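Heads up: take any position in the sequence shown, counting from 1, add 215, and you land on our numbering. Below you'll find the structure, written out as structure tokens, and then a few comments.
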Amino acid sequence: MLSMEEYNGDVINNFRQAVKSCLTLLSVPVKTRHIEADEIKTTAEVATHRLIEAARRSERHFNRLYALFSAYCPEEVLKEEMNDMKQEIERKKNMILRHEEKMLAWEQILSEAVAPMAS
Numbered sequence: 216m217l218s219m220e221e222y223n224g225d226v227i228n229n230f231r232q233a234v235k236s237c238l239t240l241l242s243v244p245v246k247t248r249h250i251e252a253d254e255i256k257t258t259a260e261v262a263t264h265r266l267i268e269a270a271r272r273s274e275r276h277f278n279r280l281y282a283l284f285s286a287y288c289p290e291e292v293l294k295e296e297m298n299d300m301k302q303e304i305e306r307k308k309n310m311i312l313r314h315e316e317k318m319l320a321w322e323q324i325l326s327e328a329v330a331p332m333a334s
């Protein structure tokens with residue numbers, strides 16, 4: 216069985232290599248491409264599939280690590296969730312303030328529009 220460091224490096228290196236292979240396909244100059252369209256398409260599909268699989272493996276790996284972290288440090292997970300909730304509350308308060316400002320601006324515009332009609 217692989218140690219955690221070896222496994223971490225393997226997952227990250229596989230993902231890095233998959234990204235590089237996708238980018239390599241895009242960076243090859245058109246002049247040097249003496250390859251048929253079908254071969255280019257097949258190579259791109261394989262590289263994309265490899266990238267997607269590497270991303271899935273990376274996601275599973277980090278989800279496992281997070282599960283271990285939350286099992287051994289539940290107080291840290293609670294702190295993180297509380298901070299997320301505080302940020303969400305602050306974001307919503309700011310949104311409400313912006314809506315109130317817009318409502319006041321529209322009330323001002325409407326009152327100015329109605330005032331000439333009343334005269």
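Beta carbons are placed, not taken as given, at the ideal position from N, Cα and C, and that holds for glycine. The structure presented is a predicted model; accordingly, all values stated were derived computationally and were not measured.
Check	Outcome
Alpha carbon of TYR281 to alpha carbon of MET297, nearest angstrom	17 Å
Proximity test, CYS237 beta-carbon vs the ligand PLP heavy atom, cut-off 6 Å	The model depicted lacks the ligand PLP and carries no ligand whatsoever.
Contact check, ALA262 vs LEU238, beta carbons under 7 Å	no
Under the three-state DSSP convention, the category MET216 falls into	Low confidence applies to MET216: its pLDDT is 46, below 50, so where it sits in the model is not reliable, and the reading given next is rough at best. MET216 falls in the coil class under three-state DSSP.
Cβ-based burial, ALA233 [other Cβ within 10 Å; buried from 16]	buried
Distance CB(PHE230)-CB(SER273) smaller than 7 Å	yes
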